[in-house]
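Protein chains in written order, with our numbering: chain A, 37 to 138; chain B, 37 to 138; chain C, 37 to 138; chain D, 37 to 138; chain E, 37 to 138; chain F, 37 to 138; chain G, 37 to 138. Working notes for the structure below.
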Amino acid sequence: MAQAFKRFMPLADRILVQKLKAEAKSAGGILLPDSAKQEMNQAKVLAVGLGRRNQQGEIIPMQTKVGDIVVIPRYGGTEIKLDEEEYQIYRDEDIVGVIKEE
Amino acid sequence: MAQAFKRFMPLADRILVQKLKAEAKSAGGILLPDSAKQEMNQAKVLAVGLGRRNQQGEIIPMQTKVGDIVVIPRYGGTEIKLDEEEYQIYRDEDIVGVIKEE
Amino acid sequence: MAQAFKRFMPLADRILVQKLKAEAKSAGGILLPDSAKQEMNQAKVLAVGLGRRNQQGEIIPMQTKVGDIVVIPRYGGTEIKLDEEEYQIYRDEDIVGVIKEE
Amino acid sequence: MAQAFKRFMPLADRILVQKLKAEAKSAGGILLPDSAKQEMNQAKVLAVGLGRRNQQGEIIPMQTKVGDIVVIPRYGGTEIKLDEEEYQIYRDEDIVGVIKEE
Amino acid sequence: MAQAFKRFMPLADRILVQKLKAEAKSAGGILLPDSAKQEMNQAKVLAVGLGRRNQQGEIIPMQTKVGDIVVIPRYGGTEIKLDEEEYQIYRDEDIVGVIKEE
Amino acid sequence: MAQAFKRFMPLADRILVQKLKAEAKSAGGILLPDSAKQEMNQAKVLAVGLGRRNQQGEIIPMQTKVGDIVVIPRYGGTEIKLDEEEYQIYRDEDIVGVIKEE
Amino acid sequence: MAQAFKRFMPLADRILVQKLKAEAKSAGGILLPDSAKQEMNQAKVLAVGLGRRNQQGEIIPMQTKVGDIVVIPRYGGTEIKLDEEEYQIYRDEDIVGVIKEE
């Protein structure tokens, strides 16, 4: 069976992302209780829409691409569940930034 | 008697959808109690409007078509009941994405 | 005396409608208690305005016409009472769809 | 002394109206207690402004005129009192319709 | 010392007004208790700004002038106190009408 | 050391002001308790931005200049503290008026 | 390992800043308890986006640059944590001003 998210096609300027899992260990290697795991606001881009059109009917290029690690805003977005996995959908312009590989 | 939804014609850029039924069994085949059935945010498109016009009076093409399985937003939409069946109406631009067939 | 609604002329893109009465009997023919009668969101169009003008001063054509059975949104609209009958007024663009005759 | 409202000149697209008094008798001629008198949403137009200008600086014609019986929206409007009489002020575009003479 | 308000110059399309004092006597000449004095929504215009500019950079002419008795809206406006006297500031377009001299 | 506010450069159409101190004595020369000191809405302009640009990219001239005594709105603005002194920042268009010297 | 913030690229007209730390000592050199440390609204700019485009598709130049000490608004912004350090992201146009070096 294909990965469920591969069957999802975001419309207009929406992107499908999945939040990165917070480390279950502290920097020093100690296992963290659940309350110590911070809410992650980093996510991986899994699918991107074709972009929305401006008032002249031209497509505005997307800023994000599949594979990017992005910082998502604290509010907004739509949750979806595909084959027991949680994903989020945002509009491209709501993504605050991209984290480059080291 | 024709199916009730076939008599409904959405205006402008609205679409008529019906939510997919959540599985009543878990992945392992166990019957789920009602509280465990998640609120579905996937729906099937049953009818689409002609589209709304932009400021130049041209019709903006619809992104969804009859038969599509779509992801609907968590809020918004209008509920209607036709011959004892529940349907929902959304604007085309509020649909977050389409789920392709496997 | 003419029917009261015939004296009412909606302004701009407004339409005058009257909600259809919910069936007082269930599908099986049993008389329903008041609590079981669902709030109807279908209505008959009784009068339509001339339409509102766009920024170029041209009249935008109305989507509904007298006699249409329409689905009205759950919120909004203005109630009026003419000769002891209740009516509702909506803007044409707030009407979600039209129900065609079988 | 001239009637107070005759000294009032609405600015831009505003109109001065006075609510019609609700009948103190029921249709069958019985005197109604105060609680049974419905809040009237019909009013008589007493004065109209010159109209507001569009972005090209042209005056948008008013839809209502002095003497019209109009249906006013449930919310909005400004109350004023001139020589002990209550009046209301609305914008022309907020008036939902006109009631024609029989 | 000049009257304080004469030193105040409203910016853009703002106007400086002072509310008229409510009559302390009823129409029949009886002194009214404080609770019977209605909140006045009539005011005298004491100073007017030069007007705000439209998107083409042209000044939109003011509708009110110094000396006008105007009806002010129930909400909005900014209170200022100059040399122990209370004044109010409104935008010209928020003034609902002008009361002409008898 | 230069006065702290001299190091602050407001961006776009913002201005830096400092509220005037309320008189600690009444008009009759009596020292006022703190509760009797009214909240001042007059302020001195200490720095002004270059102005914001309109949609054509042209800078809209500022209405206020350094040294002006201005009336500030009751709400809005941003508080900043520089070297233990309190200042406020407003947008030029939110300033309601200027108080001229006698 | 590179500093985490160096891997973050703000999108459009966003900037990455880090709040300056409040002095832990009073002006007189006394160590301050935590409650006396004021919430800082000054921050250092660490990264800036390329700018957003206007309706004509042209990039609007950024007002801030890396290294600037800026005054941030009291509300808004997005918090992010990179390698255990807290940062904030704002839109360039929400920055109220720049503090110049003495």
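Yeah, the Cβ is synthetic: ideal placement off N, Cα and C, and Gly gets one too. In this text, all values refer to a predicted model and were calculated from it rather than measured experimentally.
Through-space distance from F/I96 to B/G93, alpha-carbon basis: As a first step, residue 93 of chain B must be located in the second sequence, where it is residue number 57. As a first step, residue 96 of chain F must be located in the sixth sequence, where it is residue number 60. C-alpha separation (whole angstroms): 33 Å.
Count the other CB atoms, across all protein chains shown, that sit within 10 Å of the CB of F/G133; report buried if there are 16 or more and exposed otherwise. Translated into positions along the sixth sequence, residue 133 of chain F becomes position 97. It counts as buried.
Kindly indicate which residue of E/L86, E/I105, E/Y111 and E/R43 has the alpha-carbon position closest to the one of E/I135. For this step, residue 135 of chain E is matched to residue 99 along the fifth sequence. Answer by Cα proximity: E/I105.
Within 9 Å of chain D by C-beta, residues of the segment 77 to 103 of chain C in sequence order: A83, G85, R88, R89, Q91 and G93
List the residues of chain F whose Cβ lies closer than 7 Å to the Cβ of G/P109, in chain order. Here the question's residue 109 of chain G lines up with position 73 in the seventh sequence. Under the 7 Å cutoff, chain F gives T114.
Of all the alpha helix (DSSP H) runs that stay within the bounds of the segment 82 to 118 of chain C, which reach a length of 4 or more residues? none
Can you list, in chain order, the residues of its chain whose CB lies under 8 Å from that of D/R43, leaving out five sequence neighbours each side? The residue you call residue 43 of chain D lines up with position 7 of the fourth sequence. Taken in chain order, the residues that qualify are L118.
Using the three-state DSSP reduction, which class does A/K42 fall into: helix, strand or coil? Against the first sequence, residue 42 of chain A aligns to sequence position 6. Reduced to three states, the DSSP call for A/K42 is helix.
Cross-chain neighbours of A/I125 in chain B, by beta carbon under 8 Å: By 1-based counting over the first sequence, the position of residue 125 of chain A is 89. Per Cβ cutoff of 8 Å: V107, V132 and G133.
Starting from the beta carbon of C/K136, find every residue of chain B whose beta carbon is closer than 9 Å, and list them in chain order. If you number the third sequence from 1, residue 136 of chain C lands on position 100. Those within 9 Å of C/K136 in chain B are K42, R43, F44 and M45.
List the residues of chain E whose Cβ lies closer than 9 Å to the Cβ of D/A58, in chain order. Stepping through the fourth sequence from its first residue, residue 58 of chain D is reached at position 22. The premise fails here: D/A58 is roughly 23 Å from chain E at the closest Cβ pair, so nothing lies under 9 Å.
Excluding sequence positions up to five away, which residues of its chain have a Cβ less than 8 Å from the Cβ of E/Q124? Here residue 124 of chain E refers to the residue found at position 88 when the fifth sequence is read from its first residue. So the list reads L52, V53, Q54, K55, A79, I108, G113, T114, E115 and I116, once near-sequence residues are dropped.
Tell me, to the nearest whole angstrom, how far the beta carbon of E/M98 is from that of E/D130; I am working on the premise that it is less than 8 Å. For this step, residue 98 of chain E is matched to residue 62 along the fifth sequence. For this step, residue 130 of chain E is matched to residue 94 along the fifth sequence. Wrong, their Cβ atoms sit about 12 Å apart, outside the cutoff.
Contacts around A/V81, its chain only, beta-carbon distance under 7 Å, and the 5 residues preceding and following it disregarded: Locating residue 81 of chain A in the first sequence gives position 45, counting from the first residue. Within the same chain, A/V81 has close Cβ partners I51, V53, T100, K101, V102, G103, D104 and V106.
Using a cut-off of 9 Å between C-beta atoms, extract the partners of F/E129 located in chain E. Against the sixth sequence, residue 129 of chain F aligns to sequence position 93. In chain order: L47, A48 and R88.
Can you give the beta carbon distance from D/G85 to D/L47, rounded, assuming they're within the 8 Å contact cut? To locate residue 85 of chain D, count along the fourth sequence from 1; it is residue 49. To locate residue 47 of chain D, count along the fourth sequence from 1; it is residue 11. Going by Cβ atoms, the distance from D/G85 to D/L47 rounds to 6 Å, so yes, they are a contact pair.
From E/F41, E/Q39, E/D128 and E/R110, pick the residue whose C-alpha is nearest to that of E/M76; which is it? For the purposes of this step, residue 76 of chain E is taken as residue 40 along the fifth sequence, with counting starting at 1. Measuring from the Cα of E/M76, the nearest candidate turns out to be E/R110.
Report the CB separation of G/A40 from G/E121 in whole angstroms; it is logged as a contact under 8 Å. For the purposes of this step, residue 40 of chain G is taken as residue 4 along the seventh sequence, with counting starting at 1. For the purposes of this step, residue 121 of chain G is taken as residue 85 along the seventh sequence, with counting starting at 1. Indeed they touch by this definition, with Cβ atoms about 6 Å apart.
When DSSP labels each residue in this structure, what does D/D128 get in the three-state scheme? As a working note, residue 128 of chain D is residue 92 in the fourth sequence. Of the three classes helix, strand and coil, the one that applies to D/D128 here is helix, per DSSP.
What does DSSP give as the partner residues of D/E121 in its beta bridges? Within the fourth sequence, the letter at position 85 stands for residue 121 of chain D. Answer is D/L118.
Backbone CA spacing between E/Q91 and B/A83 [nearest angstrom]: Mapped onto the fifth sequence, residue 91 of chain E falls at position 55. Mapped onto the second sequence, residue 83 of chain B falls at position 47. Distance between the alpha carbons of E/Q91 and B/A83 is about 42 Å.
At the level of alpha carbons, what is the spacing between D/D128 and F/M45? Working through the fourth sequence from its first residue, we reach residue 128 of chain D at position 92. Working through the sixth sequence from its first residue, we reach residue 45 of chain F at position 9. So the two alpha carbons sit approximately 46 Å from each other.
Where C/K80 falls: helix, strand or coil (DSSP): In the third sequence, residue 80 of chain C corresponds to position 44, counting from 1. In this structure, C/K80 counts as strand in the three-state DSSP scheme.
Along the chain, where does the beta strand (DSSP E) containing D/K55 start, and where does it finish? Counting from one through the fourth sequence, the residue named residue 55 of chain D turns up at place 19. Looking at the DSSP string, the run of the beta strand (DSSP E) that includes D/K55 is R50 to K55.
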